[in-house]
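Numbering (the working numbering), first residue to last: 1168 to 1577.
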């Protein structure tokens, strides 16, 4: 067993519509998120021994460019790109370094400054990493003019409807819930509640998937500071310290490509594998969790992921939604932040924004979004191509909750 790892500080920027503020560049976004995390942890930048920096769109060494204004301290800075799971991958890397005893305090940072419109392939002179997924999708369904990601996830939802009788209204209910949750999140790109009618009858992106059921492109950044138990105790950081009880990463398995299933093709099995390993490592069950930040790039993905994470039986997502078990007053609160659909999805920042929200929830600091009795939190972040990450959090020193804030020795 490795050392325990704690999140001692989190911070993020408000997520905004991509391309709107041309005066703010990614170093500005990154600097704001890191300064917020440092202030949250009550430590200085010089305490950091390592930085893992995630972004999808950018040249090499953007992490160094983003962090040098905060201090040229000579620490290792590793740039990370794992598609939409980039932020969680940066978190995973820093966590592993602390768990393995290589560093005592490290930073995970994610940011993105995105172009307007749907995601497209950037390099036209080489094979895309998604080529195998696209080839299989084309073989099964053909291709339409809609964005390819909307086709992939939208077809997974169609398959769920065909197999289990799920209705279009179930996907709309997810979007309704997440937009309603975002009203209380000042960091969210959208803070507007929409009616079911507005969601169901909005502009179509792919068949039943309307615009309000698809995440936007976004600009933003988020950061987390991780530390060992020794560092936490020596610097008096117990009040903020949220333990990463388990964190597991998986990639695609044979069933992704052999079962001829749209649900499998968008990462159901890698999410399921990562979740099962995380539950086992933590010694917990899905029913031990109260609050979840889940990768809802499309409403369809949130629905099928309920089943991958064991929140309900396979085929049972429709009944789970109808019972209200995915929101306040139900079995779980899923995406209290508003999720990707409403909070926004700057690819490199998303996983660390999820981490931030869950740390605030476990610390009882989420304000109007606070989930009553939130003690165990679960994070799910995926990137097609593929990477699936599941983490489980709880407060490392619950006896410190409610006590006066301690000041670090740094």
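Cβ coordinates follow ideal geometry from the N, Cα and C atoms, glycine included.
Report all residues from its chain with a CB closer than 6 Å to the CB of residue i; omit the five preceding and five following residues, and keep chain order.
i, result
"residue 1322", "1308 and 1429"
"residue 1178", "1200, 1203, 1204, 1207 and 1390"
"residue 1550", "1249, 1250, 1251 and 1252"
"residue 1520", "1179 and 1389"
"residue 1573", "Because the pLDDT of residue 1573 is 44, which lies under 50, any placement of that residue in the model is unreliable, and the number read from its coordinates should be weighed accordingly. Here the set comprises 1403 and 1406."
"residue 1433", "1319, 1320 and 1323"
"residue 1517", "1254"
"residue 1528", "1458, 1538, 1541 and 1544"
"residue 1331", "1482"
"residue 1246", "1220 and 1230"
"residue 1358", "1349 and 1350"
"residue 1422", "1431 and 1436"
"residue 1398", "1271 and 1272"
For residue i and residue j, which I take to be in contact (beta-carbon distance under 8 Å), what is that distance rounded to the nearest angstrom?
i, j, result
"residue 1218", "residue 1274", "4 Å"
"residue 1585", "residue 1546", "Residue 1585 lies beyond the stretch modelled for the chain, which goes from 1168 to 1577, so this question has no answer here."
"residue 1506", "residue 1222", "Incorrect: roughly 21 Å between the Cβ atoms, too far for contact."
"residue 1262", "residue 1172", "5 Å"
Give me, in chain order, the residues of the same chain whose beta-carbon lies closer than 7 Å to that of residue i; leave out the 5 immediate sequence neighbours on both sides.
i, result
"residue 1378", "1369, 1370 and 1372"
"residue 1381", "1317, 1372 and 1465"
"residue 1497", "1490 and 1491"
"residue 1170", "1265, 1266, 1268, 1395 and 1396"
"residue 1366", "1339, 1342, 1343, 1377, 1379 and 1380"
"residue 1451", "1543 and 1559"
"residue 1296", "1552"
"residue 1577", "Caution applies to residue 1577, whose pLDDT of 44 falls short of 50 and renders its modelled position unreliable; the value that the coordinates give is listed next. Excluding positions up to five away in sequence, the list reads 1210, 1211, 1214 and 1402."
"residue 1270", "1216, 1217 and 1264"
"residue 1569", "none"
"residue 1345", "1463, 1502, 1505, 1506, 1508 and 1509"
"residue 1554", "1249, 1250, 1252, 1256, 1416 and 1418"
"residue 1232", "1194"
So residue i is in the alpha helix (DSSP H); what residue range does that whole segment cover?
i, result
"residue 1199", "1193-1208"
"residue 1219", "That residue, residue 1219, is in no alpha helix (DSSP H); its beta strand (DSSP E) goes 1218-1221."
"residue 1525", "1514-1529"
"residue 1462", "First-last for residue 1462: undefined, no H or E at that position."
"residue 1421", "1421-1425"
"residue 1179", "Note, residue 1179: premise wrong, no alpha helix (DSSP H); beta strand (DSSP E) at 1172-1179."
"residue 1259", "1253-1266"
"residue 1430", "1429-1432"
"residue 1244", "It is not in any alpha helix (DSSP H) - residue 1244 instead sits in the beta strand (DSSP E) that spans 1244-1247."
"residue 1329", "1315-1331"
"residue 1436", "1435-1449"
"residue 1489", "1484-1489"
"residue 1506", "1506-1510"
"residue 1366", "1363-1367"
"residue 1235", "Premise fails: residue 1235 is in no alpha helix (DSSP H) and is neither H nor E."
"residue 1471", "1466-1475"
Nearest to residue i by alpha carbon, out of the options?
i, options, result
"residue 1562", "1169, 1174 and 1170", "1174"
"residue 1446", "1196, 1412, 1272 and 1404", "1412"
"residue 1525", "1298, 1503, 1256 and 1234", "1503"
"residue 1462", "1220, 1298, 1394 and 1255", "1255"
"residue 1456", "1359, 1541, 1280 and 1294", "1541"
"residue 1260", "1444, 1479 and 1416", "1416"
"residue 1475", "1443, 1499 and 1495", "1443"
"residue 1565", "1408, 1481, 1420 and 1423", "1408"
"residue 1480", "1501, 1233 and 1453", "1453"
"residue 1299", "1510, 1244, 1327 and 1425", "1425"
"residue 1325", "1488, 1515, 1514 and 1467", "1467"
"residue 1315", "1374, 1277 and 1348", "1374"
"residue 1192", "1220, 1247, 1279 and 1258", "1279"
"residue 1348", "1522, 1511, 1176 and 1567", "1511"
"residue 1522", "1235, 1258, 1190 and 1431", "1258"
"residue 1487", "1421, 1333, 1400 and 1536", "1333"
Considering just the uninterrupted stretch of the beta strand (DSSP E) at residue i, what are its terminal residues?
i, result
"residue 1386", "1385-1395"
"residue 1579", "Outside the shown range of the chain (1168 to 1577) lies residue 1579, about which nothing can therefore be said."
"residue 1305", "Premise fails: residue 1305 lies in the alpha helix (DSSP H), 1298-1308, not in any beta strand (DSSP E)."
"residue 1278", "1272-1279"
"residue 1155", "No answer is possible for residue 1155: it lies beyond the span of the chain, which begins at 1168 and ends at 1577."
"residue 1225", "Careful: residue 1225 lies outside any beta strand (DSSP E) and carries neither H nor E."
"residue 1371", "1371-1373"
"residue 1341", "Note, residue 1341: premise wrong, no beta strand (DSSP E); alpha helix (DSSP H) at 1335-1349."
"residue 1562", "1554-1562"
Which residues in the same chain as residue i place their Cβ atom closer than 8 Å to its Cβ, once the five residues preceding and following it in sequence are excluded?
i, result
"residue 1363", "1336, 1339, 1340 and 1343"
"residue 1289", "1224"
"residue 1575", "Caution is warranted here: a pLDDT of 39 is assigned to residue 1575, below 50, making its placement in the model unreliable, and no coordinate value can be reported."
"residue 1484", "1327, 1331, 1333, 1337, 1470, 1471, 1473 and 1474"
"residue 1311", "1318 and 1373"
Indicate, with yes or no, if the ligand SAM has a heavy atom lying under 8 Å from the CB of residue i.
i, result
"residue 1225", "You won't find the ligand SAM in this model; it holds no ligand whatsoever."
Would the stretch 1462-1480 count as touching the stretch 1426-1444 if we require 3 or more Cβ pairs under 8 Å? Yes, the stretch 1462-1480 is in contact with the stretch 1426-1444.
How do the stretch 1377-1394 and the stretch 1184-1204 stand: do at least 3 beta-carbon pairs fall below 8 Å, yes or no? Taking one beta carbon from each stretch, the stretch 1377-1394 and the stretch 1184-1204 have 3 or more pairs nearer than 8 Å; the two touch.
Does the stretch 1411-1425 come into contact with the stretch 1548-1561, if we say contact requires no fewer than three beta-carbon pairs (one atom in each stretch) closer than 8 Å? These segments touch.
Contact between the stretch 1178-1187 and the stretch 1529-1536 (3+ Cβ pairs under 8 Å): Result no; under three Cβ-Cβ pairs closer than 8 Å.
Segment contact flag, the stretch 1235-1253 with the stretch 1210-1217, C-beta cutoff 8 Å, min 3 pairs: Contact holds: three or more Cβ-Cβ distances are below 8 Å.
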